[in-house]
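Residue numbers (the numbering used here), protein chains in the order written: chain A, 1 to 221; chain B, 1001 to 1221.
2 protein chains.
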Amino acid sequence: MTSVDEPAQTNGRLRDAARTQAEILDVATQEFARAGYDGARVDEIAARTRTTKRMIYYYFGGKEQLFTAVLERAYGLIREAEQQLDVEHLDPVAAIRRLAELTFDHHEQHPDFIRLVSIENIHGAQHIAASAKLGRIGSPALEVIRRILAAGQESGLFTADVDAVDLHAMISSFCFFRVANRHTFGVLFGRDLVDPAQRAHYRAMLGDMVIAYLTAERAAD
Amino acid sequence: MTSVDEPAQTNGRLRDAARTQAEILDVATQEFARAGYDGARVDEIAARTRTTKRMIYYYFGGKEQLFTAVLERAYGLIREAEQQLDVEHLDPVAAIRRLAELTFDHHEQHPDFIRLVSIENIHGAQHIAASAKLGRIGSPALEVIRRILAAGQESGLFTADVDAVDLHAMISSFCFFRVANRHTFGVLFGRDLVDPAQRAHYRAMLGDMVIAYLTAERAAD
DNA sequence: CCGCTAATGTACGAACTAGTACGTTAGCTA
DNA sequence: TAGCTAACGTACTAGTTCGTACATTAGCGG
């Protein structure tokens, strides 16, 4: 998160709209991720801020709009991160594995984002659907997948004829589940999916799975 | 869900503890799945019941315990369903594919259960962790997977040396994601993962993926 | 350096919500 | 059929929570 780390002011000003908004968004992200939309408390967000509840309503309008703003920023940060990825110099197999690993790492490093997505799905994606910034935003990763897939399919390395969106879903599924459902999975099966000692194991498992799927010999169909 | 479908009474009695409890659980399941734990309203549950709020506290003690009871019953139903599965007569490849398909179907048919699991994870699995009935319950499917894997690995058909829990996670990931995240995924990528027209496509994709992973030629490692 | 507005703080209210005190009755049992 | 208890209903409360009316000031533009 692009946090406000300085203890007092960012640029010497006592009154700083941008800083206040950023601070509210930081704390709100934590609070919504911690407790869900309805579980989150506006008073609690305000209390953990340098400013007061008044400012939340001044800048964002209300709890609902604040949550939308939190989602918009969180998705924006993901987009930024994905735009960094540079795997086109690799051969298709290595490129896909690398992409899967980056997705894996990314999910692991942003559990709050995963929680926000879970919460938003509980509410039928109503906030991102209403957001002008987030409608059909897609993902930079998708374009990368599209190009790697095309190269792999053309060269005959990839036998599966998946499209980019479906492959993205496949990769995300595993990464998302591992983080989002770690609590129930841990209690029910006695295994911590995000145990650091098992990280490399699951990371390799994901890559193996995706590559195996893409390169498997298919019965002619 | 083992619902109470008759409009008035089940067995002629006006006062029927079992029926009242079952009805409360039915409605509570819907309400919690609809709105999340904090979003759910005890008054709303009561209103949609033949009985009153008083009885919820009489039988379950409180909102928290009611939610736990809802989870216990939901997991119990899953267990029952999984105990039906009979794939041991098939060869390992067919058996795993069948198991994956059953998991796929099951997730699709019980979106409320998926939502409850998402909600419980938002709350750190605190309810199932505290429940005597649900600690380390495991899953009947797990035993089946264990046996199929052993057979497949022994015969040399399966090259991957996954264990049953990890394979279960892999299969569940895809099934869970498809249902749980369909709303955000739909808005962001313009694709409905639970579109009935695409059902067979995704069902086959899951099976292909798992089989490809299990039977891929591995570099000696 | 003066005034105007964006930015901020305080105190409060209206509505909601989990939970309960108290009273009533169905229906089994002896 | 009498009576006892499990099952049920009504009405209420205490506490919480989103949101706002009103008052204040920092600091930029002229």
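By construction, the Cβ of each residue, glycine as well, lies at the ideal position given by its N, Cα and C atoms.
Given the structure is predicted, the values throughout are model-derived calculations rather than measurements.
State yes or no: is the beta carbon of T1020(B) nearer than 9 angstroms to at least one beta carbon in chain A?
No, T1020(B) does not count as interfacial toward chain A.
Check the Cβ of D38(A) against every Cβ in chain B and list those closer than 9 angstroms, keeping chain order.
Simply A1035, G1036, Y1037, D1038, G1039 and A1040.
So what does DSSP say about T1184(B), is it helix, strand or coil?
Helix at T1184(B).
Does the beta carbon of V1165(B) sit closer than 9 angstroms to a beta carbon anywhere in chain A?
Yes, V1165(B) counts as interfacial toward chain A.
Would the beta-carbon of V144(A) fall within 9 angstroms of that of L85(A)?
Yes, Cβ-Cβ distance for V144(A) and L85(A) is below 9 angstroms.
Could you have a look at S1172(B) and say whether DSSP puts it in helix, strand or coil?
Helix at S1172(B).
Determine whether the beta carbon atoms of E1082(B) and A1151(B) lie at a separation below 9 angstroms.
Contact: no.
Can you pull out the residues from the region 135 to 157 of chain A whose beta carbon lies closer than 9 angstroms to at least one beta carbon of chain B?
Result list: G135, R136, I137, G138, S139 and L142.
Would you mind reading off the limits of the alpha helix (DSSP H) that contains L1071(B)?
Segment K1063 to Q1084, the alpha helix (DSSP H) holding L1071(B).
Apart from the five residues just before and just after A200(A), which ones in its own chain have a Cβ nearer than 8 angstroms to its Cβ?
Excluding residues within five positions, none has a Cβ falling inside 8 angstroms.
Do A1169(B) and Y1213(B) have their C-beta atoms closer together than 9 angstroms?
Going by C-beta atoms, A1169(B) is not nearer than 9 angstroms to Y1213(B).
Between the alpha carbons of L77(A) and L1014(B), how many angstroms are there, rounded?
Each residue's Cα considered, the two are about 58 angstroms apart.
Can you list the alpha helix (DSSP H) stretches of 4 or more residues lying completely in the region 1094 to 1149 of chain B, in chain order?
Within the region 1094 to 1149 of chain B, the complete alpha helix (DSSP H) runs of at least 4 residues are 1111 to 1122 and 1126 to 1130.
Can you tell me whether E1044(B) is helix, strand or coil according to DSSP?
If DSSP states are grouped into helix, strand and coil, E1044(B) belongs with the helices.
Taking I148(A) and A95(A) to be in contact with their CB atoms under 8 angstroms, please state how far apart those CB atoms are, rounded to whole angstroms.
At roughly 5 angstroms, the Cβ-Cβ gap stays under 8 angstroms, so I148(A) and A95(A) are in contact.
Taking H183(A) as the query, report the chain B residues whose CB atoms sit under 7 angstroms from its CB, ordered along the chain.
Here the neighbours are N1121, G1124 and A1125.
How about I1128(B): is its C-beta nearer than 9 angstroms to some C-beta of chain A?
So, interface residue.
Given E1217(B), which residues of its chain have a CB within under 8 angstroms of its CB, disregarding the five upstream and five downstream residues?
The residues are T1159.
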